[in-house]
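K.L.:
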Amino acid sequence: IYSENATAIELCLFDGPEGPETKVTLPERSHHVWHVYLPEIRPGQLYAYRVHGPYEPQNGHRFNPNKLLLDPYAKAISGVINWSDALFGYELGHEDEDLVMSQSDSAPFLPKCIVVDPSFDWEGDTQLRIPYHKSIIYEVHVKGFTKLHPDIPEEIRGTYAALAHPVTIEYLKKLGVTAVELMPVHHFINDRILKEQGLSNYWGYNSIGFFSPDVRYCSSGSYGEQVTEFKNMVKELHKAGIEVILDVVYNHTAEGNHLGPTLSFKGIDNASYYRLTEDKRFYMDYTGTGNTLNANLPNVLQLIMDSLRYWIQEMHVDGFRFDLAATLARELHEVNRLSSFFDIIHQDPVISQVKLIAEPWDIGEGGYMVGNFPPGWVEWNGKYRDCIRDYWRGADSMLGEFAERFTGSSDLYREDGRRPTASVNFVTAHDGFTLHDLVSYNEKHNDA
8 IYSENATAIE LCLFDGPEGP ETKVTLPERS HHVWHVYLPE IRPGQLYAYR VHGPYEPQNG
68 HRFNPNKLLL DPYAKAISGV INWSDALFGY ELGHEDEDLV MSQSDSAPFL PKCIVVDPSF
128 DWEGDTQLRI PYHKSIIYEV HVKGFTKLHP DIPEEIRGTY AALAHPVTIE YLKKLGVTAV
188 ELMPVHHFIN DRILKEQGLS NYWGYNSIGF FSPDVRYCSS GSYGEQVTEF KNMVKELHKA
248 GIEVILDVVY NHTAEGNHLG PTLSFKGIDN ASYYRLTEDK RFYMDYTGTG NTLNANLPNV
308 LQLIMDSLRY WIQEMHVDGF RFDLAATLAR ELHEVNRLSS FFDIIHQDPV ISQVKLIAEP
368 WDIGEGGYMV GNFPPGWVEW NGKYRDCIRD YWRGADSMLG EFAERFTGSS DLYREDGRRP
428 TASVNFVTAH DGFTLHDLVS YNEKHNDA
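Its first residue numbered 8, the sequence shown is counted upward by one per residue in the working numbering.
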C-alpha cells in the first residue's frame with residue numbers, strides 16, 4: 008500500500024464482516040510502498056488497513072488509526088457502508104470542525120476488502136476490437152436496464168448476470184448495437200445525505216474502489232462472486248459480438264471535501280492522493296463533488312493506469328469512457344493537452360490499444376475541451392448534440408452548422424489529422440432527457 012507520509016501501517020484481517028480483528032504491522036517499506044507477505048492467506052479473506060501518522064489537516068495530513076481504510080487496490084468489497092459518525096476522521100459537531108481528531112472506531116461500519124480467486128475459464132475470449140466507424144454504442148445502467156424485465160428470472164434482475172441473460176442479449180442484437188457502455192460499475196458510495204433522505208446515488212458516479220465491480224450488481228451473496236459474475240457477463244456479450252465499455256470516474260472519489268468521511272485515500276495519505284489548495288486543509292474541486300484526485304502525482308497515475316490495465320487484462324473490457332476527462336488533464340491549473348496523464352496512456356502498450364472515449368469537459372475554468380483531445384482519443388461531441396437538438400426544434404440559421412456536424416465535424420478534428428471517427432455523435436445521454444422526452448416536452452418533466 009502506497010503512503011509517503013505515514014509513520015506505520017497495520018493490515019487488519021477479519022474472520023467475518025463483524026468478526027474479530029487481527030492486526031499485522033507492515034514491516035517493509037520500498038519507495039513509499041509498505042508491504043508484508045502472508046503465505047497462508049486464501050481467497051475469501053476479509054481485510055482492510057489502519058494507517059498511523061500526523062493528524063494535521065492544516066498541513067494536508069489526516070491520518071487517524073481509529074479509522075479502518077479500504078485498500079485502493081481491493082479486487083472486491085464485501086458490502087456497503089453503514090453510515091455512522093465514526094466514519095469521519097474528525098469529531099462531528101465540534102465547533103472546530105475537522106481540526107479535532109475523532110477517537111471512535113469505524114471498523115463496524117465499513118465494508119471489508121476481499122482477497123479474490125483470479126482464476127476463470129475465459130474459453131479463449133479476447134477483446135473484439137470493432138473499429139470506430141462500425142461502432143454503435145448503447146449507454147446502459149446495469150440495474151435499471153434489467154430490473155423490471157419480465158422475461159429475466161426475478162432473482163437475477165438488476166445484476167451482471169441479467170445483462171448476460173439470453174433475453175437481454177437478443178434484445179441488444181435486435182437493436183443493432185455493437186457495444187454497451189456501462190454506467191459506473193466501480194464500487195461506489197451512497198452519500199450519507201441521500202441515505203438519510205431515503206434516496207440513493209443511483210447512477211454511481213461516486214467511486215471508492217477502482218478495481219472492484221460493485222457488489223450491488225451481483226446476484227450471488229458469496230464473497231468475491233461479483234468478480235466471477237462480471238467476467239461471465241463480458242464473456243457472454245463477447246460471444247454475441249457486443250463490446251463492453253466502462254464509464255470510469257477517476258477524477259474524484261467518494262470521500263468528499265474536508266468535511267467528508269475517511270474511507271480510504273484520505274486516511275492512507277491525503278496529501279499524496281488529492282489536489283489541495285494553498286491552505287492544505289481544503290481541496291481543489293474541479294468536479295463539483297468536493298475533491299479532485301491528483302493525476303499529476305506518480306502514485307496516483309500508477310493507480311489509474313494499474314486499474315485500467317486490470318480491467319483490460321483481467322476483466323477483458325473493450326474500452327473506457329472517462330467521466331469529466333478534462334480534470335485528468337489539469338497539470339497546474341489549466342487543462343494541458345501535453346499532460347502526463349495523456350503521455351502515459353499514449354505510450355502504454357495495453358491501454359493505448361482499446362477504445363478511449365473522453366467526456367471532454369469539467370466544471371473548472373477552461374474546462375470545455377471538445378475537439379482538443381490528442382490523437383488516440385475519441386470524444387463525446389457535445390457540439391454535435393447541441394446542434395442536432397437545435398436543428399430538430401427549428402432554431403434559426405442552423406443549417407450550416409448542421410451540415411458540418413452531420414458530415415464529421417471537420418472544423419474540430421482536421422487540424423491535427425484526426426478523422427471523423429474522433430467524434431462520438433450523440434443526441435442524448437444519462438445527464439438529461441431520454442430521447443423520447445427530449446422530443447416530446449419543452450420543459451423539465453420529471454416532477455415525480
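Using N, Cα and C, we set each Cβ at its ideal position, and we do this for glycine too.
Determine the DSSP secondary structure at Ala186, reduced to helix, strand or coil.
P.N.:
Here residue 186 refers to the residue found at position 179 when the sequence shown is read from its first residue. Three-state DSSP puts Ala186 in a strand.
K.L.:
CA-CA distance, Gly3 and Gly407?
P.N.:
Within the shown structure, residues of the chain are numbered from 8 to 455, placing residue 3 beyond reach of any answer.
K.L.:
By the 10 Å Cβ neighbour count, where 16 or more other Cβ atoms means buried, how is Asp330 classified, buried or exposed?
P.N.:
For the purposes of this step, residue 330 is identified with residue 323 of the sequence shown, where counting begins at 1. Per the 10 Å Cβ criterion, buried.
K.L.:
Determine contact between the segment 310-327 and the segment 360-372, defined as no fewer than three beta-carbon pairs at a distance below 8 Å.
P.N.:
yes
K.L.:
Roughly how many whole angstroms lie between the Cα atoms of Gly248 and Lys181?
P.N.:
Position 241 of the sequence shown, counted from the start, is the residue given in the question as residue 248. Position 174 of the sequence shown, counted from the start, is the residue given in the question as residue 181. Between Gly248 and Lys181, the C-alpha separation is close to 12 Å.
K.L.:
Only counting the same chain, and skipping five residues up and downstream in sequence, which positions put a Cβ closer than 6 Å to that of Asn462?
P.N.:
This structure does not reach residue 462, given that the chain is present from 8 up to 455, and the question cannot be answered.
K.L.:
Does Pro64 pass the burial test, meaning 16 or more other C-beta atoms within 10 Å, or should it be called exposed?
P.N.:
The residue labelled residue 64 in the question sits at position 57 within the sequence shown. Buried, because 16 or more other Cβ atoms sit within 10 Å of the Cβ of Pro64.
K.L.:
Quick check for students: name the residue ranges of the alpha helix (DSSP H) that lie wholly in the segment 251-315, counting only runs of 4 or more.
P.N.:
If we require 4 residues or more, the alpha helix (DSSP H) runs fully inside the segment 251-315 come out as 272-280.
K.L.:
Using the beta-carbon count (16 or more within 10 Å), is Ala168 buried or exposed?
P.N.:
Counting from one through the sequence shown, the residue named residue 168 turns up at place 161. That one is buried.
K.L.:
Quick check on this structure: which residue in Phe272, Leu304, Leu266 has the alpha carbon closest to the alpha carbon of Phe289?
P.N.:
Residue 289 sits at position 282 when you count from the first residue of the sequence shown. Comparing Cα-Cα distances from Phe289 to each of Phe272, Leu304, Leu266, the minimum goes to Leu266.
K.L.:
Quick test of the definition: if touching needs 3 or more C-beta pairs under 8 Å, does the segment 275-290 touch the segment 313-321?
P.N.:
no
K.L.:
How would you call Pro125, buried or exposed, if buried means at least 16 neighbouring beta carbons within 10 angstroms?
P.N.:
Translated into positions along the sequence shown, residue 125 becomes position 118. Classification of Pro125: exposed, given that the 10 Å Cβ count is below 16.
K.L.:
Take Gly60 and list the residues in its own chain whose beta-carbon comes closer than 7 Å to its own, dropping the five residues that flank it on each side.
P.N.:
Counting from 1 along the sequence shown, the entry for residue 60 is found at position 53. Asn12, Ala13, Thr14, His68, Phe70, listed in sequence order.
K.L.:
Distance, Cα to Cα, Lys242 vs Ile176?
P.N.:
The residue labelled residue 242 in the question sits at position 235 within the sequence shown. The residue labelled residue 176 in the question sits at position 169 within the sequence shown. So the two alpha carbons sit approximately 12 Å from each other.
K.L.:
In three-state DSSP terms, what is Arg328?
P.N.:
Here the question's residue 328 lines up with position 321 in the sequence shown. The answer is strand: DSSP assigns Arg328 an E or B state.
K.L.:
Measure from the alpha carbon of Pro381 to the alpha carbon of each residue in Ala402, Arg426, Gly389, then state which is nearest.
P.N.:
Looking up residue 381 in the sequence shown gives position 374. Nearest option by C-alpha distance: Arg426.
K.L.:
Helix, strand or coil for Ser430, going by three-state DSSP, please let me know.
P.N.:
Here residue 430 corresponds to residue number 423 of the sequence shown, with the count starting at 1. Reduced to three states, the DSSP call for Ser430 is strand.
K.L.:
Which residues mark the beginning and the end of the beta strand (DSSP E) in which Trp41 is found?
P.N.:
Walking along the sequence shown from the start, residue 41 turns up at place 34. Here the beta strand (DSSP E) through Trp41 covers 40-42.
K.L.:
Buried or exposed for Gln446, please, with buried defined as at least 16 other CB atoms from any protein chain shown within 10 angstroms of its CB.
P.N.:
Residue mapping note: residue 446 aligns to position 439 of the sequence shown, counting from 1. Note on identity: in this sequence residue 446 is Val, with Gln being the wrong assignment. That one is exposed.
K.L.:
Out of curiosity, what's the CA-to-CA distance linking Pro160 and Gly151?
P.N.:
As a first step, residue 160 must be located in the sequence shown, where it is residue number 153. As a first step, residue 151 must be located in the sequence shown, where it is residue number 144. Roughly 15 Å between the two C-alpha positions.
K.L.:
Could you give the first and the last residue of the continuous alpha helix (DSSP H) run that contains Phe195?
P.N.:
Here the question's residue 195 lines up with position 188 in the sequence shown. Run containing Phe195: none in the alpha helix (DSSP H); it sits in the beta strand (DSSP E), 193-195.
K.L.:
Are there 16 or more other CB atoms within 10 angstroms of the CB of Val357, so buried, or fewer, so exposed?
P.N.:
Counting from 1 along the sequence shown, the entry for residue 357 is found at position 350. Exposed, since its Cβ has fewer than 16 Cβ neighbours within 10 Å.
K.L.:
In the DSSP assignment, find the beta strand (DSSP E) that holds Tyr375 and state where it starts and stops.
P.N.:
Here residue 375 is taken as the residue at index 368 of the sequence shown, counted from 1. Tyr375 -> no beta strand (DSSP E), and no H or E assigned at all.
K.L.:
Based on the DSSP output, what are the partners of Gly96 in its beta bridges?
P.N.:
Numbered from 1 along the sequence shown, position 89 holds the residue referred to as residue 96. Beta-bridge pairing links Gly96 to no other residue.
K.L.:
Is Arg223 close to the ligand SAM? I mean its beta-carbon at under 7 Å from any heavy atom of the ligand.
P.N.:
The ligand SAM is not part of this structure, which contains no ligands at all.
K.L.:
Are at least three pairs of beta-carbons, each pair with one atom in the segment 207-223 and one in the segment 245-259, less than 8 Å apart?
P.N.:
These segments touch.
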